[in-house]
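Chemist: Pasting in a structure now, in structure tokens, and then I'll have a few things to ask.
In the working numbering, the protein residues as written are 37 to 219.
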């Protein structure tokens, strides 16, 4: 479903692997492969040897949009890992300066490696995830209705306080409305 939407975020994440023969992105059902999550995780530990990044899905929610949001979240992790690896190999002259600043800062703050991308994602990926989900849902509701899905897995990393309590409650109510039709 996500691939068929051909959203900008799909092109900027999963699409980067489709267009780059040196790297593979493989989605797999997890079997306890995610040490810090019950839902999903991204494993880039094989990128240096084979160019492969695995996304393990431990459990599906039963909601197409929730599952697609989870795929996009993990695909962002995978694309950041691919980009950082390419940069370290001096293959890519384009520099996402802010991303590297934040990665350096959070490494110095000893944030766990599997969570290091989350603060950056809260700054730059909430709207793209929500937009991709809205497109998947045939634009049935305004963008705000999809932001709760986009914040999944990122709420604890909102270091810039972008998500206010009132918004969080509002998004939860919107999520219920959207999911009534999805499930």
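Note that the Cβ used here is the ideal one computed from N, Cα and C, for glycine as well. The model shown is predicted, which means the values in this text are computed figures rather than measured ones.
What's the call for residue 43, buried or exposed, on a 16-neighbour Cβ count within 10 Å?
Modeler: buried
Chemist: Out of 151, 150 and 116, which one is the CA nearest neighbour of residue 136?
Modeler: 116
Chemist: Quick one: residues in its chain with C-beta nearer than 8 Å to the C-beta of residue 86, no 5 flanking neighbours on either side, listed in chain order?
Modeler: Cβ contact annotation for residue 86 (same chain, cutoff 8 Å, sequence separation greater than five): 60, in chain order.
Chemist: What three-state label does DSSP hand residue 80 in the structure shown?
Modeler: coil
Chemist: Does DSSP put residue 49 in a helix, a strand or coil?
Modeler: coil
Chemist: Would you call the CB atoms of residue 83 and residue 119 closer than 8 Å?
Modeler: no
Chemist: Quick check on DSSP: helix, strand or coil for residue 91?
Modeler: strand
Chemist: Mapping DSSP to helix, strand and coil, what is residue 192?
Modeler: Here residue 192 carries a helix assignment [DSSP, helix/strand/coil].
Chemist: Residue 57 and residue 91 - do their beta-carbons sit closer together than 8 Å?
Modeler: Cβ distance not < 8 Å, so residue 91 and residue 57 don't count as in contact.
Chemist: Residue 103 lies in the alpha helix (DSSP H); which residues open and close that run?
Modeler: 100-124
Chemist: Could you tell me which residues DSSP pairs with residue 65 in its beta bridges?
Modeler: 93
Chemist: Tell me the rounded alpha-carbon separation between residue 220 and residue 187.
Modeler: A query on residue 220 cannot be resolved here, the shown segment of the chain reaching from 37 to 219 and no further.
Chemist: One question on the structure: do residue 155 and residue 193 come within less than 8 Å of each other, judged by their Cβ atoms?
Modeler: yes
Chemist: Would you identify the three-state DSSP class for residue 151, choosing helix, strand or coil?
Modeler: helix
Chemist: Could you say if the region 136-149 and the region 164-180 meet the contact criterion of at least three C-beta pairs nearer than 8 Å?
Modeler: no
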